[in-house]
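Structure first, commentary second.
There are 2 protein chains.
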Amino acid sequence: MSESASVTCTAPVNIAIIKYWGKRDVERNLPTNGSISVTLSQKALRTTTSVHLSPEHPADRLWLNGKEDANASRAGTRLAKVFDLIRRLARQEGNPRAEWHAHVASHNSFPTAAGLASSASGFACLAFSLAKAYGLQAGNDVLSGIARQGSGSACRSLFGGYVAWEHGYEEAASPEDEDFGSHAVQLADEGHWPEMAIFVHIVSAEKKTVSSTSGMQTTVRTSPLHTYRAAHVVPARMEAMRQAIAARDFDAFAKLTMEDSNQFHATCLDTYPPIFYLNDTSRDLIQLVHRFNEQQGAIMAAYTYDAGPNAVVYIKREACRAWLDAVAALYRPANGLRANGDAWFSDAHDEVLPAWAAADYAPANPAATAELVAPFQAAPGAVDGLLFSLPGGGPEVIADPEASLLDAAGMPKTLAN
Amino acid sequence: MSESASVTCTAPVNIAIIKYWGKRDVERNLPTNGSISVTLSQKALRTTTSVHLSPEHPADRLWLNGKEDANASRAGTRLAKVFDLIRRLARQEGNPRAEWHAHVASHNSFPTAAGLASSASGFACLAFSLAKAYGLQAGNDVLSGIARQGSGSACRSLFGGYVAWEHGYEEAASPEDEDFGSHAVQLADEGHWPEMAIFVHIVSAEKKTVSSTSGMQTTVRTSPLHTYRAAHVVPARMEAMRQAIAARDFDAFAKLTMEDSNQFHATCLDTYPPIFYLNDTSRDLIQLVHRFNEQQGAIMAAYTYDAGPNAVVYIKREACRAWLDAVAALYRPANGLRANGDAWFSDAHDEVLPAWAAADYAPANPAATAELVAPFQAAPGAVDGLLFSLPGGGPEVIADPEASLLDAAGMPKTLAN
Chain A
1 MSESASVTCT APVNIAIIKY WGKRDVERNL PTNGSISVTL SQKALRTTTS
51 VHLSPEHPAD RLWLNGKEDA NASRAGTRLA KVFDLIRRLA RQEGNPRAEW
101 HAHVASHNSF PTAAGLASSA SGFACLAFSL AKAYGLQAGN DVLSGIARQG
151 SGSACRSLFG GYVAWEHGYE EAASPEDEDF GSHAVQLADE GHWPEMAIFV
201 HIVSAEKKTV SSTSGMQTTV RTSPLHTYRA AHVVPARMEA MRQAIAARDF
251 DAFAKLTMED SNQFHATCLD TYPPIFYLND TSRDLIQLVH RFNEQQGAIM
301 AAYTYDAGPN AVVYIKREAC RAWLDAVAAL YRPANGLRAN GDAWFSDAHD
351 EVLPAWAAAD YAPANPAATA ELVAPFQAAP GAVDGLLFSL PGGGPEVIAD
401 PEASLLDAAG MPKTLAN
Chain B
1 MSESASVTCT APVNIAIIKY WGKRDVERNL PTNGSISVTL SQKALRTTTS
51 VHLSPEHPAD RLWLNGKEDA NASRAGTRLA KVFDLIRRLA RQEGNPRAEW
101 HAHVASHNSF PTAAGLASSA SGFACLAFSL AKAYGLQAGN DVLSGIARQG
151 SGSACRSLFG GYVAWEHGYE EAASPEDEDF GSHAVQLADE GHWPEMAIFV
201 HIVSAEKKTV SSTSGMQTTV RTSPLHTYRA AHVVPARMEA MRQAIAARDF
251 DAFAKLTMED SNQFHATCLD TYPPIFYLND TSRDLIQLVH RFNEQQGAIM
301 AAYTYDAGPN AVVYIKREAC RAWLDAVAAL YRPANGLRAN GDAWFSDAHD
351 EVLPAWAAAD YAPANPAATA ELVAPFQAAP GAVDGLLFSL PGGGPEVIAD
401 PEASLLDAAG MPKTLAN
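Protein chains in written order, with the UniProt record's numbering: chain A, 1 to 417; chain B, 1 to 417.
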């Protein structure tokens, strides 16, 4: 009987509230500025990854959503770098599996065309599940620094709750140092702030956009405002956001989140040629949030946008129904919005998403909703998917061996057609 | 027979290529940064103003487009300030009319709902025509500093061609100094750069926007990027733009113009709450210009946007037809676009706008046009007006007394219904 090791893990998506954009070191994926994110629940948005190690595998192989990606065994790629760094750690820890190769199958649960970055949960899950398979002792902070080399924002998906990705230092601590102090740390866990809830609005985007990998380096090269932001604005915001989270100060959290989202997109616009991720629906949702807060008489909600038109709204749980009513009034198609299946609802308040899913959905306070949405043009379907989440936990090991995406020989159980 | 003095003048619109946004002194309308503009031809876009002075007028009165504006005689308003500064100059010059009051009628030729700022040509025309009526010796630079107090960008409409509005100094030169060195100077006249042409695209905007007067001070107060831009980015761009104009370097002119438009709108987005002036059509036109330049193999066109969705495109004359073909392919309604009457065409190349106006309009090179517009969605009517202009001259005195908007008694010949 040949030796082998097998493990299956899941990892979450995270949504930045102080934005990462641009690298000061492209080779090592070191960011121009620190960032902070909130980890979403894995109930609907997660990556599942199975790893099978064997001394008989002649090379690393990886299947993503059932389709093989040759980059795992191609020297110099980001994927190969993660494999190599994990094995280097295993070697340093004196682990006998350190010379084995890995077969990896990975799957994203994301709703079709959700436009949500899959590289964050994907590379986090890869680093975490490889570490488990190789039996590493290293903590998640170390794994986070390795995931970062695969995809920057992946480093934040090694932790649940509220997570900071540290800018790190400028000089390597040793010739072998690949971390530069630039990895994620947990600021607070997912249970820290009970009033916090999250809506993800999937906004239709017919137009092509710029990939973030190429876009961010164009910004670094051409935007004077980005240079100033990274050096002078973000460091103060990082500190203010840490304090807002520690104190559960929603006003400060929300205002910083909105300001930072807007400033990130401002630097995209200041790029030459300019990069556009927000469309007219995104802009209406931004203005709707400001108007919503005015109507509520307090800051109850905050939007943030990554490199796409999808609106993520952090919101106090008590305001969820009023917000949902407004979004329904403007964007809900006659047949209701997609909401990613019943499983997703288990995270929701009973009073929120079951109501949305019902055919006879009606606002709780029709007059207030009508007044709120009056300046906007209804566009049913312009928001064509809506997800509800609470802050969620970090990567997990799935104990059930039946959950593996690989068979006993380390080959994928299913392949993409 | 009673004494009186009567004069009629016209003044042009100008479009900034280095943008003004925000005041360092609201009282005096002193800008946070200098700016540079190009004056448009007055053939279609102009303000006409008639002034009638008489010792028998008990107060200043002003009719704008036939409707009286009470601000002319209301102490402390911007209008009253312009009247007072002109009379102060008249007094300093020992002019016997210095104590007379003025009746003023003013009319804008602008196409309905063009969304083009009327305050620039309006206050420029007011300062210029009052100066002529009072018989002032002061030059246009001095009048420019007075027009600035009515509306910032008006100071640039005192000159034709390429015009810089100087930032000015921080301390008044004397207790009476209202100018602070902040007025316009001509960099080059309208004949300086024969290859330069201009298209104004009137973009439909159904949504409400923020008025520039209130919006710009919110930006000054809340946008860290604006503060940096005004102090550190604009001064270098002012100098680079002066050089580009002097050297007729279209590449440098166009790149600076596009970068500065984008950076201005970036600071609007960095405002809290954010200010949006560009819509999806504006953004498509921006991307169309970049794609157009790529297809042409050289920078032939540059967009700029003021506080609204209208695209102004500075373009080499030789590229006008190809650009018009692209705009027609995407935006021309079946019945052709409004183009502001035949008079406007007299400024155009024969091969350009008459073709556009024809019912059987067709692109000169259908394959090239089709390739250019392929990534964009056609939206007939989203550009619902198109103006063609060359750089134009400064304010003019109209010699024909029949052209006056006021009768012999100084009352408007026509009033608004």
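Quick reminder that beta carbons are idealized off the backbone N, C-alpha and C, glycines included. If you're wondering where the values come from, they're calculated on a predicted model, not measured in any experiment.
The straight-line gap separating the alpha-carbon atoms of B/Leu130 and B/Ile86 is approximately 7 Å. If you draw a straight line from the Cα of A/Asn65 to the Cα of A/Leu406, it is about 12 Å long. A check of alpha carbon separations from A/Arg248 across A/His265, A/Tyr162, A/Leu372, A/His183 identifies A/Tyr162 as the nearest.
Taking the Cβ atoms as the reference, A/Leu158 lies roughly 4 Å from A/Ser144, within the contact range of under 8 Å.
Distance between A/Ala72 and A/Asp60, taken at the CA atoms: about 6 Å. In chain A, no part has a C-beta under 7 Å from the C-beta of B/Ile198; the shortest such distance is about 21 Å.
Under DSSP, A/Met411 takes part in no beta bridge, so it has no partner. As computed with DSSP, B/Arg46 is found in a beta bridge with B/Pro12. Looking at the DSSP output, A/Thr304 bridges to A/Val312.
About 26 Å separates the CB atoms of A/Pro380 and A/Arg317; that is not less than 8 Å, and the two are not in contact.
One finds Pro273, Pro274, Phe276 in chain A with Cβ atoms closer than 9 Å to the Cβ of B/Ile286, taken in chain order. At a cut-off of 9 Å, the C-beta of B/Glu239 has no neighbouring C-beta in chain A. When 9 Å is used as the limit between beta carbons, B/Val233 is near these residues of chain A: Pro224, Leu225, Tyr228, in chain order. Excluding residues up to 5 positions away in sequence, Ala105, Pro412 lie with their Cβ nearer than 6 Å to the Cβ of A/Trp63 in the same chain. B/Ala307 is the residue among B/Trp193, B/Ala307, B/Val397 whose C-alpha sits nearest the C-alpha of B/Ser119. The three-state reading of DSSP puts B/Asp69 in strand, counting E and B together.
Straight across, the Cα-Cα distance linking A/His201 with B/Leu330 is about 30 Å. Rounded to whole angstroms, A/Glu27 and A/Ser151 show a C-alpha spacing of 11 Å.
B/Thr213 and B/Tyr272 have their alpha carbons spaced roughly 15 Å apart. For B/Thr39, there is no enclosing alpha helix (DSSP H); the residue is found in the beta strand (DSSP E) stretching over 35 to 39.
Burial state of A/Ala184 is buried, judged by a 10 Å Cβ sphere holding 16 or more other Cβ atoms. Contact with chain B is found for A/His290, since one of that chain's Cβ atoms lies less than 9 Å from the residue's Cβ.
Closer than 8 Å at the C-beta level to chain B, one finds these residues of the stretch 241 to 259 of chain A: Lys255, Met258, Glu259.
Counting the other Cβ atoms within 10 Å of the Cβ of B/Ser37 gives 16 or more, which makes it buried. Annotation for B/Leu285: Ala311 place their beta carbon closer than 6 Å to its own, counting only its chain and skipping 5 residues before and after.
A/Pro309 has its alpha-carbon roughly 29 Å from the corresponding atom of B/Tyr20. A/Ser41 and A/Glu195 have their C-alpha atoms roughly 15 Å apart.
Secondary structure within the stretch 120 to 163 of chain B: the alpha helix (DSSP H) runs of 4 or more consecutive residues, fully enclosed, are 140 to 150 (chain order). Per DSSP, the beta-bridge partners of B/Arg61 are B/His103. Of the candidates B/Gly135, B/Ala80, B/Asp260, B/Thr47, B/Thr47 places its Cα closest to the Cα of B/Ala124.
For B/Lys81, the enclosing alpha helix (DSSP H) covers residues 78 to 92. Taking all protein chains shown into account, A/Glu171 has fewer than 16 neighbouring C-beta atoms within 10 Å of its C-beta and is therefore exposed.
The contact set of A/Leu269 on chain B, defined by CB atoms closer than 7 Å, consists of Asn262, His265, Ala266, Leu269 in chain order.
Under the 9 Å criterion on CB atoms, B/Asp280 is classed as interfacial with respect to chain A. The residue among A/Ala378, A/Lys23, A/Lys43, A/Ala138 with its C-alpha nearest the C-alpha of A/Gln92 is A/Ala138.
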